[in-house]
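> Take a look at the following structure, please.
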Amino acid sequence: MNSTVKAYFDAFNRGDVPAMLACLSDDVAHYVNEGKVRTGKDVFRDFCKHMSRCYREELTDMVIFDAEGGTRAAAEYIVNGTYLETDEGLPEAKGQTYRLPAGSFFTLKDGLITRVVTYYNLADWTAQVS
Numbered sequence: 193m194n195s196t197v198k199a200y201f202d203a204f205n206r207g208d209v210p211a212m213l214a215c216l217s218d219d220v221a222h223y224v225n226e227g228k229v230r231t232g233k234d235v236f237r238d239f240c241k242h243m244s245r246c247y248r249e250e251l252t253d254m255v256i257f258d259a260e261g262g263t264r265a266a267a268e269y270i271v272n273g274t275y276l277e278t279d280e281g282l283p284e285a286k287g288q289t290y291r292l293p294a295g296s297f298f299t300l301k302d303g304l305i306t307r308v309v310t311y312y313n314l315a316d317w318t319a320q321v322s
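Here the sequence shown is numbered in the numbering used here, starting from 193 and rising by one per residue.
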């Protein structure tokens, strides 16, 4: 199991954004499920701030896969969440809970994450909170 990816997800579950950022390269490319690629730690920090305002999430049933000598990794997990504040263009938030399978893919260099790609089924999430 990739220790950097594990540390990243452990930090996510603690809500510890500085510890998540410590796992990332300065020029990290963040491919969100819906939207444009975001590049850099500052943009990632802003994304985390937005997400923390709108959602409270814990990842469970985590399985982390390693490949290519530690330069690539993937994970599958369940997102257990509460929708806290309405996110632009999405249904109104009323404290709804959701449970959603998701996955992430990573590229790593020198022990840091240089690329994060996250996928989940937005239609499933929308149905759960509508």
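Glycine included, every Cβ here is placed at the ideal spot set by N, Cα and C. What you are looking at is a predicted structure, and each value in this text was computed from that prediction instead of being measured.
Grab the span of the alpha helix (DSSP H) containing T318 for me, first residue to last.
Going by DSSP, T318 is part of the alpha helix (DSSP H) stretching over 314 to 321.
> Tell me which residue opens and which closes the alpha helix (DSSP H) that L213 is part of.
Segment 209 to 214, the alpha helix (DSSP H) holding L213.
> Could you give the distance in angstroms between the alpha-carbon of H242 and the alpha-carbon of V255?
26 Å
> By the three-class DSSP mapping on this structure, what secondary structure does E284 have?
Assignment of E284 by DSSP, reduced to helix, strand and coil, places it in the coil class.
> From the DSSP output, read off the bridge partner residues of A266.
Beta-bridge pairing links A266 to F257, F297.
> Is DSSP giving V235 helix, strand or coil here?
helix
> Skipping 5 residues on each side, what residues in its chain have a beta carbon closer than 6 Å to that of F257?
A266
> Just grab the DSSP bridge partners of A221 for me.
A221 has T231, R307 as its beta-bridge partners, per DSSP.
> Could you check which residue in R245, K233, L282 has the C-alpha nearest to that of T318?
L282
> Leaving out five residues on either side along the sequence, give the residues of the same chain with a beta carbon under 8 Å from the beta carbon of R245.
L276, E277
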